[in-house]
Structure formats: structure tokens, C-alpha cells
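Using UniProt numbering, the first residue of the sequence shown is number 1, and each one after it goes up by one. Below is one structure; the comments refer to it alone.
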Amino acid sequence: MVRTRVLVVGGSGYLGQHLLQGFAGKPYDLAFTHHSSPPQRLLDAISPPPFAFHVDLQTGQGFDAITNAFGQPHVVVNCAALSVPRACETDPTAAMAINVPCSLVKWLSSFGDSTTLLIHLSTDQVYEGVKSFYKEEDEAVPVNMYGKSKVAAEQFISSNWPTFVILRSSIIYGPQTVSPVTKSLPIQWIDGVLSRGEGTHFFYDEFRCPVYVKDLVNIILALTEIWISDNRQMQLVLNIGGPDRVSRVQMAEAVAACGGYNTSLIKPVSASSVNRGVNSPADISMDISKLVRLLGITPISFKDGVKLTLENDDPS
Numbered sequence: 001m002v003r004t005r006v007l008v009v010g011g012s013g014y015l016g017q018h019l020l021q022g023f024a025g026k027p028y029d030l031a032f033t034h035h036s037s038p039p040q041r042l043l044d045a046i047s048p049p050p051f052a053f054h055v056d057l058q059t060g061q062g063f064d065a066i067t068n069a070f071g072q073p074h075v076v077v078n079c080a081a082l083s084v085p086r087a088c089e090t091d092p093t094a095a096m097a098i099n100v101p102c103s104l105v106k107w108l109s110s111f112g113d114s115t116t117l118l119i120h121l122s123t124d125q126v127y128e129g130v131k132s133f134y135k136e137e138d139e140a141v142p143v144n145m146y147g148k149s150k151v152a153a154e155q156f157i158s159s160n161w162p163t164f165v166i167l168r169s170s171i172i173y174g175p176q177t178v179s180p181v182t183k184s185l186p187i188q189w190i191d192g193v194l195s196r197g198e199g200t201h202f203f204y205d206e207f208r209c210p211v212y213v214k215d216l217v218n219i220i221l222a223l224t225e226i227w228i229s230d231n232r233q234m235q236l237v238l239n240i241g242g243p244d245r246v247s248r249v250q251m252a253e254a255v256a257a258c259g260g261y262n263t264s265l266i267k268p269v270s271a272s273s274v275n276r277g278v279n280s281p282a283d284i285s286m287d288i289s290k291l292v293r294l295l296g297i298t299p300i301s302f303k304d305g306v307k308l309t310l311e312n313d314d315p316s
């Protein structure tokens, strides 16, 4: 019997590493792509270690090596992205080239067999941000280049690949990865400034539904298992957020409560008072009832997620 082959594109990133560890306990053959160097500590932490492939998503260089050494994957999870909104604004050409998975879909098409399930990470920033609790059916009207590139990716996938799940994820938070990523992690950053006694500004009028990383991993594992058992064509768009609509101030207050920090360090300001060099939607909280209904998974509360993050974080 052929073992299920799973490829995580962008497996050396934050979600990618957590995902590979989640898949490692399953009877799957694993592979991942990376753009710089493969994280050795991640490879050491997974037994047997997954295949690691260097791939340039803009050119598609490196996909042939996957074909030769690993074969056609049954499931691809695309976590790779230029995800810093300001960087996308500064270099829209790179944002479109990296975030719209043209080379990935072209490679999948080269097998002449369109049975691979493509799970693609999109973002809550596809929404305009003028109301609360967006549903998947609401019109995508992004206000910045990052959101625009992600809408373009969704449209490209739905037009060019028959079996897909698009996950519109909110802010992803949780413990540091086994091979630490260099980017700032939201809860760890808040914990850091508060623990040092630094008074810091937080927006009181920008709302999100942050999702705990291990909930997102469980969602992707569940989608994979459903597809493997049913082997039916899937074309799904799902909002992926936590159950709580929180402002940046409320996020900081939750960290302060968990760490026992002085809440007077949290200085509320309006998002409109700061020029970040990029438009940011005010309220892109999401309705996740479709996720709960289809998968029977209810993500944990933000308060509980913060507690788990700080308890399980690896400071190394």
C-alpha cells in the first residue's frame, strides 16, 4: 500500500515547523521546502527526518528535485509567503511573485494527475475591515498589497487547481519553534516589553481573532485525514481564527494577566495615530462557525492560548 506523501511548502517557517511536528506522528511520508538553509534542529527533532528541498518559489527552481526524490505528493500545504504587510507594500512585485503560487501549481500540473489536495494559507487581511465577524461569503476588499496578493492567490488557485482548501488565517501565535525563527512572535514580544517594565503603546481600535498555532495544525491534520479517507474533490474556503475578537490592548491585557505584569504599562492609542507605511484594516474579526460546523473543531480561547504559549515556550 502506498503511504500518503505530504509536502509542506515553507516548512522552515513558524507554522511550517509546527505543522511538520504535527504530521510526524502520522503514518505519512514527509517533505518540506525551504528558501535558505534547512533548520537542523527541526530535522533532528523528527524521526524519521523529513526530506528537505531548497526551492525558489518565484522561479520554480528546485521542484524537479522533489519529483525525482519524493514523487507527486498526495497533500501539499502551502505556508510560504511574504507576510509582512509593509514589505509587500515596499515591493509589490515580490509580493505577487511569492504569494501567488504560480510555480507550485505549474509543478503540480506537470504530473498530469490533479488528485493532489492543495491546502493554501491565506489571511484575514483579504477583508476590508469595516465591520465585525466577516463570513467567508463576504466580498474580499483588501486595503493593502499583502491582502491584494493573497486575494490574487485565492483566485489563481480556484481557477487553476481543482482540489483545494483555502484557510483565511488570523494572527497565528503560540510557542517558539524547535528551530527558532527570527521573526518577532506576538505573545513573546508583548511578554518581553511588559516583563522589562517598559510602557508601550497598543491599539485599542484594531481588532483580530488570533488563532493558537496548534489549533491551526489540528485543523490542517483533520482536513488531510478527511481528504485521504473520502478522496473526494474539495473546494473550500474557511475562516481560521480563535473564538475571541480582541484589540491589541486586550491582547496585551491578557498577557499581563497571565504574567502578573502591571497593566499601567499598557498605553492605549488609536491605530490612526501611527503611520506604519501601510494601510491596516481596523476590524477583520471573523465568523468561524463554518469551521466549527464542518470539522467539529473549536479553537481555544485567547486567554488559554496565551497561558499555553508562555508555559510551553522555549526561550532558546
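C-beta: ideal position from N, C-alpha, C; glycine also.
{"Query": "Whether Pro49 touches Asn144 by CB criterion (8 Å)", "Result": "no"}
{"Query": "Local Cβ density within 10 Å of Ile264, reported as buried at 16 or more and exposed below that", "Result": "Checking the sequence shown, residue 264 turns out to be Ser, not Ile. By the neighbour-count rule (16 or more Cβ atoms within 10 Å), Ser264 is not buried but exposed."}
{"Query": "Straight-line gap, Leu57 to Ala94 (C-alpha atoms, nearest Å)", "Result": "10 Å"}
{"Query": "Candidates Ser12, Ser179 and Glu89: closest to Val77 by CA position", "Result": "Ser12"}
{"Query": "Cβ neighbour criterion (16 or more within 10 Å) applied to Pro27", "Result": "exposed"}
{"Query": "Nearest neighbour of Gln176, chosen from Val8, His18 and Arg5 [CA to CA]", "Result": "His18"}
{"Query": "Secondary structure of Thr224, DSSP reduced to three states", "Result": "helix"}
{"Query": "Separation of Phe63 from Ile157, as counted between CA atoms", "Result": "18 Å"}
{"Query": "For Ser132, the three-state DSSP class (helix, strand or coil)", "Result": "coil"}
{"Query": "Test item: CB-CB of Arg168 and Val237 under 8 Å", "Result": "yes"}
{"Query": "Inter-residue Cα distance where the pair is Pro243 and Asn68", "Result": "43 Å"}
{"Query": "Among Gly25, Asp29 and Leu20, nearest to Pro38 - alpha-carbon criterion", "Result": "Leu20"}
{"Query": "Where the alpha helix (DSSP H) containing Lys303 begins and where it ends", "Result": "Phe302 to Asn312"}
{"Query": "Cα-Cα separation, Pro315 to Phe302", "Result": "Caution applies to Pro315, whose pLDDT of 48 falls short of 50 and renders its modelled position unreliable; the model cannot decide the point."}
{"Query": "Beta carbon of Ile66 nearer than 8 Å to that of Ala80", "Result": "no"}
{"Query": "Cα-Cα separation, Ala140 to Gln125", "Result": "9 Å"}
{"Query": "Cutoff 8 Å; reference Lys267; Cβ partners in own chain excluding five residues on either side", "Result": "Gly199, Thr200, His201 and Phe202"}
{"Query": "The stretch 208-216 in contact with the stretch 98-116 per 3-pair CB rule at 8 Å", "Result": "no"}
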